[in-house]
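Quick note on the working numbering: the sequence shown kicks off at 3 and runs consecutively. Don't be surprised by glycine CBs; every beta carbon is placed ideally from N, CA and C. Note that this is a predicted model, so its numbers are computed, not measured. Structure first, then comments.
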Amino acid sequence: MVSGGARAVERCRALGRAPFSDMEGGLYRGWLSPAHRASVAQVAAWMEEAGMATRVDGAGNLVGRYAGSADGPPLIIASHIDSVRDGGFYDGPLGVMLGIECVSALHGTGRRTPFPIEVIAFGDEEGSRFAAAMLTSKAAAGLLDSVPAMADASGIPLSQALGEWGLSPDTLLAARHPGALAYLEAHIEQGPVLEAEALALGVVTGIAAQLRHEVVVQGLAGHAGTSAMPLRRDALAGAAEMILGIEALARADGSDLVATVGRIEAAPGAANVIAGHVRFTIDVRAGEAARRDRAAAAILAELAAIAARRGLGLEHRLIHDLPPSPCDPVLMDRLEAALVAAGHRAYRLVSGAGHDAMNLAHLCPTAMLFIRCRDGVSHNPAEHVEPADAQEALAVMLGFIDNLGASCA
Ligand code: GLV
Ligand code: MN
Ligand code: MN
């Protein structure tokens, strides 16, 4: 019989193809997309088979509920089911599938915990379709007080995408979860540390601060054959200099600071036309918000200097801002106790990647369990997790649930 951990891995792989992916030959599952809708239906069926009642909240999050022996605030076990473009199978869904396996194990032996358990599949951790990220866990944590006006790459406004699901900006704003006892998220590490330590699992101490800007560079479109080089106001050449400037600033910092330009569009986009308009994103992260903010300020000053020197227009807007998110010390100890009881070496590490836990920390204490992934590769179709490691994670999660139950007795 296949283990719960192996089944969780298998299900992540099953979600990697049509109709659960909207990308030919790879995985892309954007928030509120057809692939997301098909995945919600499939994951809901798995949740129901595991003994949960399911619903979709006002943000499009799928919530599965397993009643406890007593009512009260639930333990939330969650992660996300959206993906980056051409992403891997496990970044996000593995935490949801392992949550389902926890409930399946309890239900299979007729056990009820002294609190309800809710397994949530969030829909927008990645900023997978619209520029702002983590809107659905922000909504669940009650952190959204307005809905940004945004359109996806095809120009479809967020309000229309919500409407196609029978949702609206108002339902998104009202999707606040009533409260929780604790939050547990299992996630692939997305880095090489556990593998280098020859460890399957680690306890996360906290998540780095992150922010994103959208930058617009305005130049002058013109004929590629007739415009003399000194007379050009080339928005794409200017953006290229800006991107190298961003990289140089982050490299020179020498700390855990990282800065990335991962998306760029140039218009009008023809071989014989000088680009008149460029839009790109900047993602800046560091363990400390102050270091991140100093770097972001230096980057924006550098961009302004380059734009001025080249006679380009420059606009930028903050589209995403999350402070660092420490995990709860008591829950970290509980998770570590479960890890050690399952025969693992205690090991703690910080997360450079963002997670929905950053938002849920505003609702209740949070804990995160990292699972080794091959070569630390993530946001890449080559992402790989060993089923045996997922099974170890499942055992530790069940131990954590037992510890939490004992603390409620
Ligand atoms: C999510 O994967 C992020 O860290 O951006
Ligand atoms: Mn990701
Ligand atoms: Mn993720």
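- request: Under 5 Å from any heavy atom of ligand 1, by CB: list those residues in chain order, please.
  value: Qualifying residues, in the order they occur: Ala-355, Gly-356.
query: Under 8 Å from any heavy atom of ligand 3, does the C-beta of Glu-50 make it?
result: The residue labelled residue 50 in the question sits at position 48 within the sequence shown. Remark: the shortest separation between the CB of Glu-50 and any heavy atom of ligand 3 does not fall under 8 Å.
task: State the start and end residues of the unbroken alpha helix (DSSP H) segment that holds His-38.
output: As a working mapping, residue 38 is identified with position 36 in the sequence shown. Here the alpha helix (DSSP H) through His-38 covers 36-51.
message: Distance check for Val-149 and Leu-174, CA to CA, integer angstroms please.
response: Locating residue 174 in the sequence shown gives position 172, counting from the first residue. Locating residue 149 in the sequence shown gives position 147, counting from the first residue. Between Leu-174 and Val-149, the C-alpha separation is close to 8 Å.
query: Can the beta-carbon of Arg-13 be found less than 9 Å from the beta-carbon of Ala-69?
result: One-based indexing of the sequence shown puts residue 13 at position 11. One-based indexing of the sequence shown puts residue 69 at position 67. Cβ atoms of Arg-13 and Ala-69: not closer than 9 Å.
field: Cβ shell of Val-263 (< 7 Å), same chain only, five flanking positions each side left out
entry: As a working note, residue 263 is residue 261 in the sequence shown. By the criterion of a C-beta distance shorter than 7 Å, Val-263 is surrounded in its chain by Ile-245, Ile-248, Phe-282, Thr-283, Ile-284, once the five residues flanking it on both sides are discounted.
- request: With a floor of 3 residues, list each beta strand (DSSP E) that falls wholly inside the segment 227-265, ordered by position along the chain.
  value: Within the segment 227-265, the complete beta strand (DSSP E) segments of 3 residues or longer fall at 260-262, listed in chain order.
query: What whole-angstrom Cβ distance do Leu-259 and Ala-297 have, given they're in contact under 8 Å?
result: Numbered from its first residue, the sequence shown carries residue 259 at position 257. Numbered from its first residue, the sequence shown carries residue 297 at position 295. The Cβ separation is near 5 Å, so the contact holds.
query: For Ala-348, which option in Val-398, Ala-242, Pro-95, Gly-90 has the closest C-alpha, if you only look at C-alpha atoms?
result: One-based indexing of the sequence shown puts residue 348 at position 346. Comparing Cα-Cα distances from Ala-348 to each of Val-398, Ala-242, Pro-95, Gly-90, the minimum goes to Val-398.
Three-state class that DSSP yields for Gly-407 in the structure shown: Counting from one through the sequence shown, the residue named residue 407 turns up at place 405. Gly-407 falls in the helix class under three-state DSSP.
task: Please work out which residues of its chain come closer than 7 Å, Cβ to Cβ, to Met-99, disregarding the five sequence neighbours upstream and downstream, and give them in chain order.
output: Numbered from 1 along the sequence shown, position 97 holds the residue referred to as residue 99. Closer than 7 Å at the Cβ level, and outside the excluded window around Met-99, lie Ala-10, Arg-13, Cys-14.
query: Roughly how far, in whole angstroms, is the beta-carbon of Asp-323 from the beta-carbon of Leu-251, given that I think they are within contact range, below 8 Å?
result: Counting from one through the sequence shown, the residue named residue 323 turns up at place 321. Counting from one through the sequence shown, the residue named residue 251 turns up at place 249. With 8 Å as the limit, Asp-323 and Leu-251 do not qualify as a contact, their Cβ atoms being about 19 Å apart.
query: So, helix, strand or coil for Met-370, using DSSP?
result: Against the sequence shown, residue 370 aligns to sequence position 368. Annotated three-state conformation of Met-370 is strand, per DSSP.
message: For Gln-192, list the residues DSSP reports as bridge partners.
response: Stepping through the sequence shown from its first residue, residue 192 is reached at position 190. Beta-bridge annotation (DSSP): Gln-192 is not paired with any residue.
message: Considering only heavy atoms of ligand 3, does any lie closer than 8 Å to the CB of Gly-94?
response: For the purposes of this step, residue 94 is taken as the residue at position 92 of the sequence shown. For ligand 3, at least one heavy atom lies less than 8 Å from the Cβ of Gly-94.
field: Every unbroken alpha helix (DSSP H) inside the segment 101-129 [4 residues or more]
entry: Listed in chain order, there is nothing to give.
message: Between the alpha carbons of His-279 and Gly-227, how many angstroms are there, rounded?
response: Reading the sequence shown from its first residue, position 277 is the one you call residue 279. Reading the sequence shown from its first residue, position 225 is the one you call residue 227. Cα-Cα distance, rounded: 18 Å.
- request: Let me know if Met-3 comes out buried or exposed under the rule of 16 or more other beta-carbons within 10 Å of its beta-carbon.
  value: Indexing the sequence shown from 1 puts residue 3 at position 1. Met-3 is exposed by the Cβ-count criterion.
- prompt: In angstroms, rounded to a whole number, what distance separates the CA positions of Phe-372 and Gly-204?
  reply: Indexing the sequence shown from 1 puts residue 372 at position 370. Indexing the sequence shown from 1 puts residue 204 at position 202. So the two alpha carbons sit approximately 5 Å from each other.
- prompt: Of the choices Ile-122, Gly-193, Ala-392, Ile-266, whose alpha-carbon is the least far from that of Ala-155?
  reply: Working through the sequence shown from its first residue, we reach residue 155 at position 153. Of the candidates Ile-122, Gly-193, Ala-392, Ile-266, the one whose C-alpha sits nearest the C-alpha of Ala-155 is Ile-266.
message: Taking 8 Å as the cut-off, is the beta-carbon of Gln-192 closer than that to any non-hydrogen atom of ligand 3?
response: For the purposes of this step, residue 192 is taken as the residue at position 190 of the sequence shown. At least one heavy atom of ligand 3 sits closer than 8 Å to the Cβ of Gln-192.
query: Under 8 Å from any heavy atom of ligand 2, does the C-beta of Glu-128 make it?
result: The residue given as residue 128 occupies position 126 in the sequence shown. Glu-128 has its CB nearer than 8 Å to a heavy atom of ligand 2.
message: For Pro-76 and Ala-153, which I take to be in contact (beta-carbon distance under 8 Å), what is that distance rounded to the nearest angstrom?
response: For the purposes of this step, residue 76 is taken as residue 74 along the sequence shown, with counting starting at 1. For the purposes of this step, residue 153 is taken as residue 151 along the sequence shown, with counting starting at 1. Their Cβ separation, rounded to whole angstroms, is 35 Å, which puts Pro-76 and Ala-153 out of contact at 8 Å.
query: Residues in its own chain within less than 7 Å of Pro-326 by CB, not counting five upstream and five downstream?
result: Indexing the sequence shown from 1 puts residue 326 at position 324. So the list reads Gly-208, Ile-209, Ala-210, Ala-211, Gly-289, Glu-290, Ala-291, once near-sequence residues are dropped.
task: Please classify Pro-95: does DSSP put it in a helix, a strand, or coil?
output: Residue numbering aside, residue 95 sits at position 93 when the sequence shown is read from its first letter. In the displayed model, Pro-95 falls within a helix according to three-state DSSP.
Ser-23: CB within 8 Å of a non-hydrogen atom of ligand 2: Looking up residue 23 in the sequence shown gives position 21. With a cutoff of 8 Å, Ser-23 does not count as near ligand 2, since its C-beta is closer than that to no heavy atom of the ligand.
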